[in-house]
Amino acid sequence: MIIGADLEKDERVLHDAYNDKAGVTARFNLNVLVRMNRELGGNFDVSAFTHRAIYNREQHRIEMHLISKKSQTIRMLGTTLSFRAGESIHTENSYKYSIERFAALARGSGWKVRESWTDEHGMFSVHAMTVS
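For the record, in the sequence shown the residue sitting at position 83 is 81 according to my numbering, with numbers rising by one throughout.
So this is what it looks like as structure tokens:
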């Protein structure tokens, strides 16, 4: 099996990537609400939420959230959901690995890393794996 893994990097680099000035990641994250409205019959006011991405050092991951800008009530799938101003919907975790931590994760799942490669800047890795 071949698998890619995002490598650990400076927190400022991660912050800037997931909170990009062009708002690409924010639009991607807010699209969750658009899809819930369309596919699950929700009535989210997308403009009443804002995107936030933070780095969780202990878990080595970016956590993406949608933060309610106000108190609001949403209906979806016959259920009522209430949000307070500042309340978060945790939408995604994007884990970052060292080569060693990724190899340990693979071992714990019954795989062995045969070979690993990284890009020239050490931002991303690719691993060739076999069943142990």
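Here a beta-carbon is modelled for each residue, glycine too, at the ideal position from N, C-alpha and C.
Rounded to the nearest angstrom, the Cβ distance from Ser80 to Thr71 is 5 angstroms, consistent with a contact under 8 angstroms. Taking a cut-off of 8 angstroms on C-beta distances, the segment 108 to 128 does not touch the segment 29 to 47, as fewer than three cross pairs fall below it.
Excluding the 5 residues flanking it on each side, Arg82 has same chain C-beta neighbours closer than 6 angstroms at Ser69, in chain order. Leaving aside the five residues that flank Glu6 on each side, the residues in its chain whose CB is nearer than 7 angstroms to its CB run, in chain order, His58, Lys94, Tyr95, Ser96.
With fewer than 16 neighbouring CB atoms inside 10 Å of its own CB, Leu75 falls in the exposed class. For the options Leu28, Leu38, Gly120, the alpha carbon positioned closest to that of Thr78 is the one of Leu38.
For the pair Ala20 and Gly120, the Cα-to-Cα distance works out to about 24 angstroms. Per the coordinates, the alpha-carbon of Asp43 lies some 23 angstroms from the alpha-carbon of Asp18.
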